[in-house]
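As you go down the protein sequences, you meet chains A and B in turn. All residue numbers for the first sequence refer to our numbering, where the first residue is 149 and numbers rise by one. All residue numbers for the second sequence refer to our numbering, where the first residue is 149 and numbers rise by one.
There are 2 protein chains.
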Amino acid sequence: MSVPISGKVIKRLTLYHHILSDCLLKAKEYISSQQIAELLKIDDSQVRKDIALCAASGKTNVGYNAPELKKAIEQLLGFQAQKAAFILGAGNLGSALAKHADFADYGLDIAALFDIDPAKIDRLINGKKIYPLSELHHVATHEQLVNKRRVEIAILTVPASAAQKSAELLVQAQIKYIWNFTPTILSVPDSVRVCNENLVGNFLEFTNN
Amino acid sequence: MSVPISGKVIKRLTLYHHILSDCLLKAKEYISSQQIAELLKIDDSQVRKDIALCAASGKTNVGYNAPELKKAIEQLLGFQAQKAAFILGAGNLGSALAKHADFADYGLDIAALFDIDPAKIDRLINGKKIYPLSELHHVATHEQLVNKRRVEIAILTVPASAAQKSAELLVQAQIKYIWNFTPTILSVPDSVRVCNENLVGNFLEFTNN
Chain A
149 MSVPISGKVI KRLTLYHHIL SDCLLKAKEY ISSQQIAELL KIDDSQVRKD
199 IALCAASGKT NVGYNAPELK KAIEQLLGFQ AQKAAFILGA GNLGSALAKH
249 ADFADYGLDI AALFDIDPAK IDRLINGKKI YPLSELHHVA THEQLVNKRR
299 VEIAILTVPA SAAQKSAELL VQAQIKYIWN FTPTILSVPD SVRVCNENLV
349 GNFLEFTNN
Chain B
149 MSVPISGKVI KRLTLYHHIL SDCLLKAKEY ISSQQIAELL KIDDSQVRKD
199 IALCAASGKT NVGYNAPELK KAIEQLLGFQ AQKAAFILGA GNLGSALAKH
249 ADFADYGLDI AALFDIDPAK IDRLINGKKI YPLSELHHVA THEQLVNKRR
299 VEIAILTVPA SAAQKSAELL VQAQIKYIWN FTPTILSVPD SVRVCNENLV
349 GNFLEFTNN
């Protein structure tokens, strides 16, 4: 991405993306900025301004072409190249994220899941295999040597008690970004970036406003 | 809550709460603002300022009493009274949220889950029963008449194709807040507030910065 885009704009654009996906489901080819604005209860001019960032333009009296605009948002916000991620913890949350359809749209590929429960090993979730956590380093090396890609993103959904230990394994496996869904503050080297996904914080903010 | 607290402060306070929970797990009784600041890579003075909102004070050279500060944050951010919520969709994500330990700390009780899959009906998740979606109105009425509480919050984790229909059932059941985890923009009356939980947006913001 060449121009930095603010967090608020990114979030609105992903919401427009949801609306456009819904248009495609309903075989609706065009949508206007007014229709998008009404659904989100925001201002029409804001929608047009955000969409202008994608260099997409609407047609008078018709609106935006939904499949084209959807693609344009994916290109603007998505990764320049396809990126791969590991999921640590194949419980309910890890499984839900492995099935998340939107990731693929933005160029994020789940390379593999990891767990310590022997009953889960070798199962497939959404076509992705679950490996023993002890094989993390091995799978990362295999991705690099055989699939010619370095997996730099990890999604952490293990129990809180296993979070710090898992983060240390991720550091050893040269992961650069940890998306942390555990309620644990991880201690990692400065070279590794952690995004704490704070569901309770989001919820409290919502109900307190 | 008497004083409005900004979203950013709420999120930081919930992160301090995570750290304090971890202290309790490790039987660590005191923690200083410097230690909290270091873990989160933020400024020490910010931590002290946020914590002052809880009317909690630390002891010189010792820091804050972890169990007391944890409780103080829960009281500041939590609901004045216990609140109840329904979860619609007992798939992986709904199940993960039903098991979320932090909700109870902040006074949110999951009253029941709902699904349309006959194989899931009557099962328990974390002690909470799964009902057929068709019984939503009935269960809501029962909560009001028998348990003397009005369930006003719903967490929506159904497939995108079922999201709008589910939202309409929620409106009929007099739900006031919908926490929407589906990638669908819901159309509901103005009296109902929707919080779109935008996981992909959060993630894109993280990796693009």
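C-beta: ideal position from N, C-alpha, C; glycine also. Here the structure is a predicted model, which means the values were calculated and not measured.
Residue nearest to A/Glu-316 within the set A/Ile-153, A/Ser-339, A/Cys-171 is A/Ser-339 (criterion: CA-CA distance).
Boundaries of the beta strand (DSSP E) around B/Val-342: 341-344.
Between A/Leu-225 and B/Leu-352, the C-beta spacing is below 7 Å. A/Lys-159: member of the alpha helix (DSSP H) spanning 155-173, first to last residue. Taking 7 Å as the cut-off, the Cβ atoms of A/Leu-304 and A/Leu-236 count as close. DSSP places B/Pro-152 in no beta strand (DSSP E); its state is neither H nor E. Classified as exposed, B/Thr-289 has fewer than 16 neighbouring CB atoms from the shown chains inside 10 Å of its CB.
Check the Cα spacing between A/Ala-233 and each of A/Lys-219, A/Ile-184, A/Gln-322, A/Ser-282: the tightest is with A/Gln-322. When CB distances to chain B are screened at a threshold of 7 Å, not a single residue of the stretch 261-288 of chain A falls below it. Looking only at B/Asp-263, B/Glu-177, B/Phe-251, the smallest Cα-Cα distance to B/Tyr-212 is reached by B/Glu-177. Beta-bridge pairing by DSSP links A/Leu-272 to A/Lys-277. In this chain, B/Lys-231 is not harboured by any alpha helix (DSSP H); it is covered by the beta strand (DSSP E) spanning 231-236.
Taking a contact as a CB-CB distance under 8 Å, the pair B/Arg-271 and B/Ile-278 counts as one, their CB atoms being some 5 Å apart.
Exclusion of the five residues before and after B/Ala-238 leaves Leu-261, Asp-263, Lys-268, Ile-278 as the residues of its chain whose Cβ lies within less than 6 Å of its Cβ. DSSP, read as helix, strand or coil, puts A/Asn-295 in coil. The residues Ala-246, Lys-247, in chain order, have a CB closer than 6 Å to that of B/Asn-274 in the same chain once the five nearest residues on each side in sequence are set aside.
Scanning the stretch 180-242 of chain A from its first residue to its last, the whole alpha helix (DSSP H) runs of 4-plus residues come out as 181-188, 192-200, 214-225. By the Cβ criterion, the stretch 340-350 of chain B is not in contact with the stretch 161-168 of chain B, since fewer than three pairs of Cβ atoms, one from each stretch, lie closer than 8 Å. Note on geometry: alpha-carbon atoms of A/Phe-251 and B/Gly-206 lie some 44 Å from one another. Non-local beta-carbon contacts of A/Leu-281 in its own chain, meaning distances under 8 Å to residues more than five positions away in sequence, involve Leu-236, Phe-262, Asp-263, Ile-264, Ser-314, Leu-317 in chain order. Listed along the chain, the chain A residues whose CB falls inside 8 Å of the CB of B/Asn-346 are Lys-159, Thr-162, Leu-163. Classified as exposed, A/Asn-209 has fewer than 16 neighbouring CB atoms from the shown chains inside 10 Å of its CB. If you draw a 10 Å sphere on the C-beta of A/Val-294, you find fewer than 16 other C-beta atoms in it, and that means exposed.
Residue-level contact by beta carbon fails for B/Asn-328 and chain A, as no gap is shorter than 7 Å. Under the three-state reduction of DSSP output, B/Leu-334 falls in the coil class, being neither helix nor strand.
The beta carbon of A/Ala-214 sits closer than 8 Å to those of Leu-168, Cys-171, Leu-172, Lys-176, Glu-177, Tyr-178, Ile-179, all from its chain and outside the five residues before and after it, given in chain order.
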